[in-house]
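Participant: Handing you this structure, nothing more for now.
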Amino acid sequence: MIKKTFGERVVLIFRDMGEISTFVLQKWAEIAEWAINRKKDFTVALSGGRTPVQVHRDLALQKNLPWGKTHVLMVDERFVPYDRDENNFRMISESLLRHVDIPARNIHPIITSDQSASDCADKYENHLASFFKLSPGIIPNIDLILLGIGEDGHTASLFPGTASLSETSRLAVAVIPPDTAGTERISLTFPVINNASNVLFLATGESKAGVLREVIMKENGSLPAAMVMPHNSPPVFLVDNDAGALLTGGKR
Ligand code: 6PG
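Per my numbering, the very first residue in the sequence shown carries number 22; after that it's consecutive.
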């Protein structure tokens with residue numbers, strides 16, 4: 022693994038997804054132990070997409086993770102029923118949650134059966150406020166968030182050019198993505214993402230090389246992934262050689 026820093030951002034370049042997954046498992050276990058020691062539970066928010074599937078499968082094989090004290094939240098969701106392939110919660114359930122001994126009360130999906138994506142976002146926001154016992158205006162502090170990055174620079178379901186990027190108080194919003202991204206979405210907002218204790222980006226494949234250069238080297242602030250800068254600790258990008266191929270320079 023090669024470590025590089027570009028300003029605040031840390032990039033770890035691995036040989037392949039297998040090495041990335043091993044690293045994520047180790048960080049997951051460390052952060053879970055730290056969080057449980059500190060406040061008796063561990064909260065983690067997971068993204069959709071293809072990249073994290075192997076990590077979920079590898080997590081499911083770990084024998085000693087504290088699932089009884091782990092709460093799995095959603096970073097985002099597509100406004101489609103659970104039985105559709107595009108549903109993120111379905112992917113996370115099939116690759117991870119069905120295979121571990123996690124109590125149902127510790128699983129926090131974004132319910133997509135409401136009339137509109139906006140209603141779903143409101144419901145998820147209310148659920149987060151209740152779960153984290155938030156006073157009005159308080160932003161939850163999630164222990165670990167796993168994010169992906171789209172070739173257009175989106176992360177979570179925060180897409181370039183959408184009003185979601187300028188949300189400063191809501192915890193979750195509905196997002197109508199650009200045509201190419203298909204269905205309406207529900208997403209955590211930057212206030213929540215940037216209040217996390219740890220944020221790990223996962224990106225593999227040469228199709229992500231260009232956008233990673235834009236975000237990490239050129240700090241193209243118009244790209245949502247470049248707007249992820251948690252107050253508690255800088256984002257760590259876990260990439261394979263192909264995705265990191267254009268990240269020249271940087272401090273080792
Ligand atoms: C989603 C994700 C999204 C994803 C990126 C990367 O709902 O699709 O939350 O932000 O992380 O689009 O997707 P891949 O991992 O499939 O490249």
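Quick reminder that beta carbons are idealized off the backbone N, C-alpha and C, glycines included. Quantities reported herein were computed from a predicted structural model and do not represent experimental measurements.
Quick one, are the C-beta atoms of ASN109 and GLY69 less than 8 Å apart?
Facilitator: For ASN109 and GLY69, yes; Cβs fall inside 8 Å.
Participant: Does ARG99 come out as helix, strand or coil in the three-state DSSP assignment?
Facilitator: The answer is strand: DSSP assigns ARG99 an E or B state.
Participant: Give the C-beta separation of GLU40 and MET22 to the nearest angstrom, bearing in mind that I take them to be a contact with Cβ-Cβ under 8 Å.
Facilitator: Indeed, because the Cβ distance is near 7 Å, the residues count as touching under 8 Å.
Participant: So, using beta-carbon positions, are PHE211 and VAL31 closer together than 8 Å?
Facilitator: Going by C-beta atoms, PHE211 is not nearer than 8 Å to VAL31.
Participant: Give me the DSSP bridge partner(s) of LYS25.
Facilitator: Bridge partners of LYS25: VAL32.
Participant: Within the same chain, show all residues whose beta-carbon is closer than 6 Å to that of SER178, passing over the 5 residues directly before and after it, in chain order.
Facilitator: Same-chain partners within the cutoff: ASP97, VAL196, ARG206 and SER208.
Participant: Give me the Cβ distance between PHE152 and HIS129, rounded to the nearest whole Å; I'm assuming they're in contact under 8 Å.
Facilitator: Rounded, the Cβ-Cβ distance is 7 Å, consistent with contact.
Participant: Report back the beta-carbon spacing between ALA81 and LEU117 to the nearest angstrom; my notes put them in contact at under 8 Å.
Facilitator: Indeed they touch by this definition, with Cβ atoms about 5 Å apart.
Participant: For ASN67, which residues in the same chain have their Cβ closer than 7 Å to its Cβ, ignoring the five residues on either side in sequence?
Facilitator: Note that residue 67 corresponds to Leu in the displayed sequence, not to Asn. Once the five neighbours on either side are set aside, the close Cβ partners of LEU67 are PRO73, VAL93, MET95, VAL96, ILE113 and LEU167.
Participant: Report the rounded CA-to-CA distance for ASN162 versus ASN262, giving the unit in angstroms.
Facilitator: In a straight line, the C-alpha of ASN162 is about 32 Å away from that of ASN262.
Participant: Leaving aside the five residues before and after SER228 along the sequence, list all residues of the same chain whose C-beta is less than 7 Å from its C-beta, in chain order.
Facilitator: Once the five neighbours on either side are set aside, the close Cβ partners of SER228 are GLU172.
Participant: So which of THR64, ASP106 and ALA264 has the shortest CA-CA distance to ALA217?
Facilitator: The option with the nearest alpha carbon to ALA217 is THR64.
Participant: Following the continuous beta strand (DSSP E) through PHE63, name the residue where it begins and the one where it ends.
Facilitator: It spans 63 to 67 - the beta strand (DSSP E) in which PHE63 sits, taken as one unbroken run.
Participant: What number of angstroms, rounded off, separates the C-alpha of PHE180 from the C-alpha of PRO199?
Facilitator: Whole-angstrom Cα-Cα distance: 7 Å.
Participant: For the alpha helix (DSSP H) that ARG71 lies in, which residues bound it at each end?
Facilitator: Looking at the DSSP string, ARG71 is not in any alpha helix (DSSP H), and its letter there is neither H nor E.
Participant: Per DSSP, LYS144 forms a beta bridge with which residues?
Facilitator: The partner list for LYS144 (beta bridge, DSSP) is empty, contrary to what the question assumes.
Participant: Under the rule that 16 or more other beta-carbon atoms within 10 Å means buried, what is SER185, buried or exposed?
Facilitator: Classification of SER185: buried, given that the 10 Å Cβ count is 16 or more.
Participant: Would you decide whether HIS77 is buried or exposed? Buried here means 16 or more other CB atoms lie within 10 Å of its CB.
Facilitator: Under this definition HIS77 is a buried residue.
Participant: List the DSSP bridge partners of HIS129.
Facilitator: Answer is LEU94.
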